[in-house]
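There are 2 protein chains.
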Amino acid sequence: MQVLYRCMDDFRQNSAGYLANHMARLFFHGLQQRIAPLGLAPGQFMVLLDLWEGDRKTQAQLVASLDVEQATMANTLSRMERDGLIERHASPRDKRARIVVLTQKARDMRDDAMAAAQAQNEVALASLDAQERALFADMMRRVIAAMQRG
Amino acid sequence: MQVLYRCMDDFRQNSAGYLANHMARLFFHGLQQRIAPLGLAPGQFMVLLDLWEGDRKTQAQLVASLDVEQATMANTLSRMERDGLIERHASPRDKRARIVVLTQKARDMRDDAMAAAQAQNEVALASLDAQERALFADMMRRVIAAMQRG
DNA sequence: AGCACTTGCATAGCGCGCTATGCAAGTTCA
DNA sequence: TGAACTTGCATAGCGCGCTATGCAAGTGCT
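Okay, here's the thing in structure tokens:
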């Protein structure tokens, strides 16, 4: 089904891709402002979300669960190591692999960083009630799943 | 209202910011694949959407309507000039300003690029019916508006 | 054992966001 | 008119996505 637009501005106001990009930029920026005082960047926060669940993971395991490319993860981990958030230890089993371990500094950040992220979500979703929020998240998950297939 | 999560994975599956970022990345990547054959990048496409409506605009006018920073626009326009999509002419009225004009090459791309964007949207929204799509776009607009205020 | 294949990671190079900075040109106002 | 301010744009430098490439280490097969 082909939707016809009266003009380009119609497209911008209705294109899911355009809106998604704009929305993600605002989320990114808002989170960045909130966690910058912790010495944290948004991409690092995403990795920490995974590592707070349990560290001592290889880069490959992190790539699998975050759905980013291996090269992206390698660079993000390098910045996190530089910033004292993680250490990369040699694996005893596999000399190619490097085990990612959280520093105490990174562990201590958890509550503050989570609170910052929650605050940003709260601002973004201010005009949606609980039912709408659930529906919104569900729709995003469905859109993500559709693009991962197609 | 503070939502409590059982674990980090709950957060990832429910955080609007996390989902928005993931969704936008998939949109970006999908569009990139589709318009790459035209010699076009996603950021350039966004600018073209505006210029197809009417060119002979200054950089400042483009910045205002696309909601990106001036420096971002300057760099994107430089790449577009390099790629033969636009020319930057001196303004007769204001010697600081540069008027952005589309090349014929950029004008000719319009239909193909729009079709590519539509196709990407269609894949993404495949599992949503017309009513859900309208609701989804409406929710994104509300979330964007909320973050622009807060 | 030795060859091919796969896997884990690093690096180069680019797009496209951002902040910070600087300069030239325009504007305002005493 | 001249000084102070504002505006339009460029540039440097960084985060974080991507593709492409390469290498060392592991695996499998004959």
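Residue numbers (the numbering used here), protein chains in the order written: chain A, 1 to 150; chain B, 1 to 150.
The beta-carbon is built from N, C-alpha and C at its ideal position, and this holds for glycine as well.
Here the structure is a predicted model, which means the values were calculated and not measured.
Through-space distance from residue j to residue i, alpha-carbon basis
i	j	result
residue 135(A)	residue 57(A)	33 Å
residue 33(A)	residue 147(B)	13 Å
residue 143(B)	residue 132(A)	11 Å
residue 91(A)	residue 10(B)	29 Å
residue 65(A)	residue 21(B)	15 Å
residue 113(B)	residue 23(B)	21 Å
residue 118(A)	residue 51(A)	18 Å
residue 97(B)	residue 17(A)	31 Å
residue 160(B)	residue 128(B)	The structure shown does not extend to residue 160(B), since chain B is modelled only from 1 to 150, so the question has no answer here.
residue 62(B)	residue 12(A)	14 Å
residue 36(A)	residue 30(B)	30 Å
residue 67(B)	residue 126(B)	28 Å
residue 77(B)	residue 86(B)	8 Å
residue 124(A)	residue 150(B)	8 Å
residue 141(B)	residue 19(B)	16 Å
residue 40(A)	residue 122(A)	20 Å
residue 110(A)	residue 28(A)	18 Å
residue 94(A)	residue 49(A)	25 Å
residue 145(A)	residue 145(B)	26 Å
residue 70(A)	residue 69(B)	29 Å
residue 139(A)	residue 139(B)	10 Å
residue 81(B)	residue 81(A)	38 Å
In DSSP terms, what residue i is bridged to
i	result
residue 90(A)	98(A)
residue 58(A)	99(A)
Status (buried if at least 16 other CB within 10 Å, exposed otherwise) for residue i
i	result
residue 42(B)	buried
residue 120(B)	buried
residue 130(A)	exposed
residue 1(A)	In this prediction, residue 1(A) has a pLDDT of 45, which is less than 50 and means its spatial position is unreliable; what the coordinates show is noted afterwards. With fewer than 16 Cβ atoms within 10 Å of its Cβ, residue 1(A) is classed as exposed.
residue 60(A)	exposed
residue 227(A)	One cannot answer for residue 227(A) here, as it falls past the ends of chain A, which runs 1 to 150.
Spatially closest choice to residue i from the options, by CA coordinates
i	options	result
residue 53(A)	122(A), 116(A), 106(A)	106(A)
residue 79(B)	47(B), 126(B), 110(B)	47(B)
residue 55(B)	88(B), 19(B), 116(B)	88(B)
residue 14(A)	150(B), 81(B), 137(B)	137(B)
residue 75(A)	44(A), 115(A), 39(A)	44(A)
residue 25(A)	72(B), 100(B), 122(B)	72(B)
residue 100(B)	39(B), 40(B), 139(B), 84(B)	84(B)
residue 38(A)	69(A), 94(A), 108(A)	108(A)
Within chain A, partners of residue i - CB distance below 8 Å
i	result
residue 23(B)	20, 24, 140, 143, 144, 147
residue 121(B)	15, 16, 17
residue 212(B)	Shown here, chain B extends from 1 to 150; a query on residue 212(B) therefore has no answer.
residue 117(B)	11, 15, 17
residue 128(B)	139, 142, 143
Contact list for residue i against chain B, beta-carbon separation under 8 Å
i	result
residue 125(A)	16, 143, 146
residue 40(A)	Neighbours of residue 40(A) on chain B: none; closest Cβ ~14 Å, over 8 Å.
Neighbouring residues, chain B, relative to residue i (Cβ below 9 Å)
i	result
residue 84(A)	Per Cβ cutoff of 9 Å: no residues; residue 84(A) is ~21 Å from chain B at best.
residue 71(A)	Chain B residues near residue 71(A): none, gap ~14 Å exceeds 9 Å.
Under 7 Å from the C-beta of residue i: neighbouring residues of chain B
i	result
residue 67(A)	22
residue 31(A)	17
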